[in-house]
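For the sequence shown, the residue numbers in our numbering are 4 to 322.
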Amino acid sequence: SNEIESNNTEIASLKEELLSIKGSLETANTALSEWTNWGQSKMAEYDTLFKSYEEYVNAYNTINAELTTLKETTKPTPSVETMDKNTEKSLVEGVENKEYEDLKLQLSSSMGEIEKLKRRFKTFVFQMEKELNAIKKSEGGGSNTTECSDQELSAKNLELSQGLSSLQDELLESAKNMEDLNNERQELENKVDQLLHDNEVLRNVRADYESLRIKYDSLMSTNMDPNAAELNSQWETELQRKNEMLATMESELNNERLELDKSLRENKQLNSQMNLWKEQILTDPSNPGLSPENELHCARQAASAFQVQVEQLTTELTK
């Protein structure tokens, strides 16, 4: 009878430990729910940013239409028309620079939230490991239980330990993929910085061009100099060279903008895939009737699904 009572005590202790693990899993589900809310808020921020972009496009189209109407009604000289184009481009550049700075802040905030979530996962794994070690110690003290119970408990402990080890490996691999995505974000920020630098160079070229245009107009207005024809030819050559340089800089700037837009679309796709993964995780482990072994199995499946999703998105981003 003493052995039976001891066995019952061990089983009761094991049940308490399993209940504790279940509480930890519920805590993890709560964290995942918070992550879902975070993802929804970020999607709302992206929607707001996209709406601002549409407003910017509408404003640009309105300005462009007004400039077209003004050109048709006033029929400006070539020099005035060039000034209008420069003014229009300067206005567009100012708006675009502000948009790029806002995008950098958004990306930095998003990656900070991802780092917080990674720390939560590490804490959860550490707590599960402590609880499983406690179960292993409590099982090791039950030397007076029957041989059948010892075998069952040992098999269960081995299965839980293997499952935890596998889950840790998958989470570490996922963390590595997150680090790769962080490197992609850093490269994107570097491209934005380079784009802003190119904008500054382009503004300087335009300033030089405007200075040359003013000098050229001054020469054209005064024909007293006998060498005016030769000077005019020199100024026209210089203006042509500046125009070619300006066109080259604008082409490079447009290419950088296209690459930035592509990276932003891929970042939004990654956010959507992560939200889908969170919904899949919240579907299976939320069933209160699952046993701890099945809950761990569901967690492993969810982590594996997350691993596959991150690898696929990483491959797409590196194309």
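Don't be surprised by glycine CBs; every beta carbon is placed ideally from N, CA and C.
Going by other Cβ atoms of all chains shown within 10 Å of its Cβ, with 16 needed for buried, is Arg188 buried or exposed?
Classification of Arg188: buried, given that the 10 Å Cβ count is 16 or more.
Should Ile217 be labelled buried (16 or more other beta-carbon atoms within 10 Å of its own) or exposed?
For Ile217, the number of other beta carbons within 10 angstroms of its own is below 16, and it is reported as exposed.
C-alpha distance - Glu262 paired with Ser36, whole-angstrom precision
34 Å
So, Leu256 versus Leu205, is the Cβ gap smaller than 8 Å?
Cβ distance < 8 Å, so Leu256 and Leu205 count as in contact.
Considering only residues of the same chain and omitting the five flanking positions on each side of Asp211, which have a CB-CB separation below 8 Å?
Lys245
Among the residues of its own chain, which have a CB less than 6 Å from the CB of Thr80, if the five just before and after it don't count?
With a pLDDT of 48 at Thr80, under the threshold of 50, the modelled position of that residue is not reliable, and no figure is offered here.
Report yes if the CB atom of Met252 is closer than 8 Å to the CB atom of Val208, and no otherwise.
yes
Out of curiosity, what's the CA-to-CA distance linking Glu57 and Leu21?
Distance between the alpha carbons of Glu57 and Leu21 is about 54 Å.
Please go through the same chain and pick out, in chain order, the residues whose beta-carbon is closer than 7 Å to the beta-carbon of Met248, but skip the five residues on each side of it.
Within the same chain, and ignoring the five residues on either side of Met248 in sequence, the residues whose Cβ sits closer than 7 Å to its Cβ are Val208.
Outcome for Ala31 when other beta-carbon atoms lying within 10 angstroms are tallied against a minimum of 16
buried
Ser329 to Ala68, Cα distance in whole Å?
Absent from the model: residue 329. The displayed extent of the chain is 4 to 322, so no value can be given.
Pair within 8 Å by beta-carbon distance, Glu259 and Leu198:
yes
Which residue from Ser16, Leu184, Ala250 puts its Cα closest to that of Asn202?
Ala250
Please report the straight-line C-alpha distance between Gln272 and Ser221, rounded to a whole angstrom.
55 Å
Whole angstroms are fine: how far does the CA of Leu184 sit from the CA of Glu162?
33 Å
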